[in-house]
Ligand SMILES: *[C@@H]1O[C@H](CO)[C@@H](O)[C@H](O)[C@H]1NC(C)=O
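Residue numbers (the working numbering): 70 to 278.
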C-alpha cells in the first residue's frame with residue numbers, strides 16, 4: 070500500500086481536482102478547459118488501491134483500470150488537457166478504436182463512477198456484508214459492458230469480498246472516518262464525472278460504448 074490512509078488520499082485528491090469546478094462561471098469554463106490529463110490521472114491512480122482491497126471480484130476491474138490510468142499518465146506530456154486528448158482521437162478518427170486514449174478515458178470514468186455508487190451503497194446501509202452494495206454498483210456501472218465470462222467471475226468473487234470491518238481495516242479507517250471520506254469523494258467526483266461525460270456528449274460521442 071502506497072499510503073497509510075489510501076481513502077484519505079483518494080478523497081483529498083478528488084477534492085483538489087474538483088476545486089476548478091467551484092469557482093464562478095467564467096472562471097469555471099476556463100478551469101474546465103484546462104483540466105489537465107496529468108492531474109486527472111494522478112487522482113485516478115489513487116483509486117487503484119481500493120479495487121485491490123475489494124479482492125478477487127474486482128481483480129479484472131483493477132487490472133483494466135490500472136492499465137487505462139497508466140495510459141492517460143503516459144500521454145499527459147503530449148496531450149495536456151482532457152479536451153485535447155479527445156480532439157486528438159477525433160482528428161484521427163480513432164475515438165472508438167480499442168486502446169484509444171479517449172476510450173481509455175471513458176473506461177476510467179466508469180471506474181470512478183463504480184466507486185461512487187459503491188461508496189453511496191456503503192453509506193446507505195450498515196450491513197456488515199458488502200455484497201449487496203458491491204453487486205449493485207457492478208451491475209449498474211460495469212456489467213452492461215462486460216462479457217458473460219467476466220460477469221460470471223465477478224459474481225463468484227462477490228462471495229470473497231472483505232466485510233465492512235475488514236475493508237475499513239485495510240484502509241486504516243474506522244466507520245466514522247471512512248464515512249466522512251467516502252462522502253467527500255462522492256461530493257468531489259460528481260462534477261468531475263459530469264464534466265467528462267459532457268466532453269463526450271457535447272461531441273455527439275455518447276458514453277454507452
Ligand atoms: C477514527 O479514525 C480517525 C482518523 O484516523 C481518528 O481521528 C478517530 O479518533 C477515530 N475514531 C474512533 C472512534 O476510533
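Where is the CB? At the ideal position from N, CA and C, for every residue including glycine.
Contact test: residue 74 Cβ vs ligand 1 heavy atom, cutoff 8 Å: For this step, residue 74 is matched to residue 5 along the chain shown. Residue 74: yes, Cβ under 8 Å from ligand 1.
Ligand 1 heavy atom lying under 8 Å from the CB of residue 160: Translated into the one-based positions of the chain shown, residue 160 becomes position 91. No, the beta carbon of residue 160 sits no closer than 8 Å to any heavy atom of ligand 1.
Of the listed residues 90, 258, 128, nearest to residue 186 (C-alpha basis): Mapped onto the chain shown, residue 186 falls at position 117. Residue 186 has its Cα closest to that of 258, out of 90, 258, 128.
contact_flag[the region 167-176, the region 226-240] where n(CB pairs < 8 Å) is 3 or more: no
Between the CA atoms of residue 161 and residue 73 - distance to the nearest angstrom: Sequence index remark: in the chain shown, residue 73 carries index 4 (1-based). Sequence index remark: in the chain shown, residue 161 carries index 92 (1-based). Each residue's Cα considered, the two are about 43 Å apart.
Nearest candidate by alpha-carbon position, reference residue 120, set 224, 198, 181: In the chain shown, counting from the first residue as 1, residue 120 sits at position 51. Per the Cα distances, 181.
Beta-carbon gap between residue 293 and residue 188 smaller than 9 Å: Nothing can be reported for residue 293, as the shown portion of the chain is limited to 70 through 278.
Beta-carbon proximity check, residue 260 vs residue 87, cutoff 9 Å: As a first step, residue 260 must be located in the chain shown, where it is residue number 191. As a first step, residue 87 must be located in the chain shown, where it is residue number 18. Contact: yes.
Heavy atom of ligand 1 within 8 Å of residue 115 beta-carbon: In the chain shown, residue 115 corresponds to position 46, counting from 1. False, no ligand heavy atom lies under 8 Å from that Cβ.
At least 3 beta-carbon pairs within less than 8 Å: the region 225-233 vs the region 189-203: yes
Cβ-heavy atom distance, residue 253 to ligand 1, below 8 Å: Taking the chain shown and counting its residues from 1, one reaches residue 253 at position 184. Not under cutoff, so the answer is no.
Residue 70 classed as buried or exposed, judged by whether at least 16 other C-beta atoms fall within 10 angstroms: In the chain shown, the residue the question calls residue 70 occupies position 1. Because residue 70 carries a pLDDT of 46, less than 50, the predicted location of this residue cannot be relied on, and the following value inherits that uncertainty. Exposed, by the Cβ-count rule.
Under 5 Å, CB to nearest heavy atom of ligand 1: contacting residues: 243, 246
Cβ separation of residue 276 and residue 266, assumed to be a contact under 8 Å, to the nearest whole Å: As a first step, residue 276 is located in the chain shown; it is residue number 207 there, counting from the start. As a first step, residue 266 is located in the chain shown; it is residue number 197 there, counting from the start. About 6 Å separates the two Cβ atoms, so the contact holds.
Check: residue 192 C-beta below 8 Å from any heavy atom of ligand 2: Ligands in the displayed structure: ligand 1; ligand 2 is not one of them.
Meets three-Cβ-pair contact criterion under 8 Å: the region 102-114 and the region 130-146: yes
For residue 143, three-class secondary structure by DSSP: Counted from its first residue, the chain shown places residue 143 at position 74. Of the three classes helix, strand and coil, the one that applies to residue 143 here is helix, per DSSP.
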